[in-house]
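Residue numbers (this note's numbering), protein chains in the order written: chain A, 3 to 336; chain B, 45 to 241; chain C, 189 to 412.
All C-beta atoms, glycine included, are put in the ideal place defined by N, C-alpha and C.
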């Protein structure tokens, strides 16, 4: 019990380390603006925490790095061309609404970063999904007006059925992250690295990711095979991989679904949790008005899980307890 | 088959795409108050389905008459309110006369029938020019949407009751409102900002 | 009495009744004003009539009568708005007719009006109206500023507005924050009432067999 408690206390510190490569990749792809947005978002989150804790008269928990983690993660999910106030509003919402009223980050029932991104998607859907073309970053000013050329993300192309084939070079670009998309979440190779890190440092959390990716992979493979008339070719494999790594799928697998406060604790429940997130993500990717409603999928699973925990898993426990008590009563009577 | 799909799609729309409680706010106070009493949910939800479906069918049938269909929005709303009140009175009168039930059941009838969620169904059907079968589907969907909303809020209630870290100023109703708000945000994923007007 | 009914036991922030119009429809000052007037008139009429004439009537009949009284107040308002202010009418959507069916009237009349005199019921209605309308107006103003960057229809440049606050979830957030600030004020001035706020929303997992239709049917056959 002590060991489990110690692991949870360092969750945000460990996952903050996992964000560093994503930040570096964002800087490599988009220049100095990326680090500026991350800094603004993190500072806004910390300031919101300080203000919120002062108003609610509770001790601040800045040292657990949860605010910084939330701020930077949110910034990495936004486009590099986002105005600075988008990151400020998002991180303030994440802390002041999704975290402070529930106490600490460890007692919040919803993923703060996912809630903030969902809020921004509704309020500023244009700015939140306006992904810049990577090559134009060289001409971008760090502060001041933004000179980006708007590109089309892979997720959007797939949604509009504009991608029927992909070359090896295009797949490698998508794998590295050199495609329009969220600032720090387009690089599949990097996010696979984060998953390996999670496997080593937090093997139980890795179960959530694996379960989510398994469901998502089955859907990707099934839909591509169906589109291609069940023909197996190199192009089919490339399309499956492209779809697998598109949108927020890898971001959810690496960061949002592994959040310890909102995740169940036992392995079978983690498998179910990850799978439920995968199914919800598939439904929302197909039917949502947004280009990628991954954050809404995470929120939905965060919302539905307590119902499952209360009515499905607790009932089973009670039934087992009743059976054991009944058996004990019988043996004692004998 | 088309009839079945019409009803099913209307019901699914009312439950998930634009959940009546979370996306529209209808019956929100009933859902939050019922969340504190989860064991009474099933009977209330069945009553809601009964009242909303029957009222939706009556209102949609009335709209088939040209004289009524040509009236203004205000007159339509007046007719729908009248229809729901009539359904409530007739149901209560019949139940009272035949079953002579305890007072609690009659109180529950009032809670289940005369709330914003049940009246919203015929109003929404009128605004979206739904067919009869879609109206029935929305009626069924309203009860299930209410059950889903109440279960979600109730589960959150249980979780928050055991959370000792909630700041004193948020303990009780304030944190429940914020929790319900975030639940509502989660349901905006499909429809976005195109909520009920 | 006004302090108790309108502030310490605020109908929205403490008793959690009548949330629908506040969360969904109170998106501007104009909307909130119309809803406040309709609500106040409807509640005062309901409580006076309930206290004066309905004390001896069966409960299930009384509840239906409150709806009729609510409709009698709401629909003339709708007529007038549809004719003279289509912007406000379309802004309110179906939430104005839903005021006729608000749970508020039923809960308040049943809890108070039928057990007290006409004068006391009138003061209770006024107190509750002040409390409810206060919340409506504050929420309406905040949501109009935060959601549309306007106040009373006039732009507050250069604020763009967060359209999320015009959605029901935004309304719930504003109500939640208002409830928290209300509780903090109550904690500073009246500690006993602060504890009362927490106790009002307690999880009750007891079954209510008597309130179900199947119980009524079983009981009927048992008697036979």
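- Taking residue 264(A) as reference, the option from 115(A), 133(A), 231(A), 153(A) with the minimal CA-CA separation is 115(A).
- Close partners of residue 207(C) in chain B (Cβ separation under 8 Å): 69, 72, 73, 76.
- One thing to note: residue 73(B) has its Cβ no nearer than 7 Å to the Cβ of residue 374(C).
- Contact between residue 198(C) and residue 323(C) holds, with the beta-carbon distance rounding to 7 Å and staying under 8 Å.
- For the pair residue 251(A) and residue 196(A), the CB atoms are not nearer than the 7 Å cut-off.
- Excluding five sequence positions before and after residue 214(C), the CB atoms of its chain that fall closer than 6 Å to its own CB belong to 220, 324, 327, 328, given in chain order.
- The region 96-138 of chain A contains, as complete alpha helix (DSSP H) runs of 4+ residues, the segments 114-125, 127-130 (chain order).
- For residue 60(B), no Cβ of chain C is located within less than 7 Å of the residue's own Cβ.
- If one requires a minimum length of 4 residues, the alpha helix (DSSP H) runs lying completely within the region 251-291 of chain A are 269-289, in chain order.
- Counting only runs of at least 4 residues, the region 211-249 of chain A fully encloses the following alpha helix (DSSP H) elements, listed from N- to C-terminal order: 236-246.
- Within its own chain, the residues whose Cβ lies closer than 6 Å to the Cβ of residue 272(A), once the five positions on either side in sequence are excluded, are 209, 210, 266, listed in chain order.
- Going by DSSP, residue 188(A) is part of no alpha helix (DSSP H) at all; its letter is neither H nor E.
- Interface annotation, residue 58(A): in contact with chain B, CB-CB separation under 7 Å.
- With a beta-carbon spacing of about 4 Å, residue 248(A) and residue 156(A) fall inside the 8 Å limit used to define contacts.
- Contact between the region 120-133 of chain B and the region 103-112 of chain B is present: 3 or more CB-CB pairs across the two stretches fall below 8 Å.
- Beta-bridge partners assigned by DSSP to residue 342(C): 339(C).
- Scanning chain C for C-beta atoms nearer than 8 Å to the C-beta of residue 228(B) yields 355, 356, 357, 360, reported in chain order.
- A distance below 6 Å between beta-carbons, with the five flanking residues on each side excluded, links residue 55(A) to the following residues of its chain, in chain order: 62.
- Residue pairing by DSSP places residue 158(A) opposite no residue, since no beta bridge is assigned to it.
- Chain-order list of chain C residues neighbouring residue 99(A): 361, by C-beta distance under 7 Å.
- Residue 152(A) sits in a strand when the DSSP states are folded into three classes.
- Taking 7 Å as the CB threshold, residue 104(A) stays off the interface with chain C.
- Put simply, the region 93-100 of chain B does not touch the region 214-226 of chain B. Fewer than three CB pairs are less than 8 Å apart.
- Remark: C-beta atoms of residue 65(A) and residue 48(A) do not approach each other more closely than 7 Å.
- Nearest neighbour of residue 51(A) by Cα position, chosen from 218(A), 78(A), 275(A), 96(A), turns out to be 96(A).
- Residue 49(B) sits in a helix when the DSSP states are folded into three classes.
- Cα atoms of residue 22(A) and residue 180(A): separation of roughly 18 Å, rounded to the nearest angstrom.
- Bounds of the alpha helix (DSSP H) holding residue 51(A) are 34-58.
- CA-CA distance, residue 231(A) to residue 240(A), rounds to 15 Å.
- About 4 Å separates the beta carbon of residue 199(B) from that of residue 308(A), a gap short enough to meet the 8 Å contact definition.
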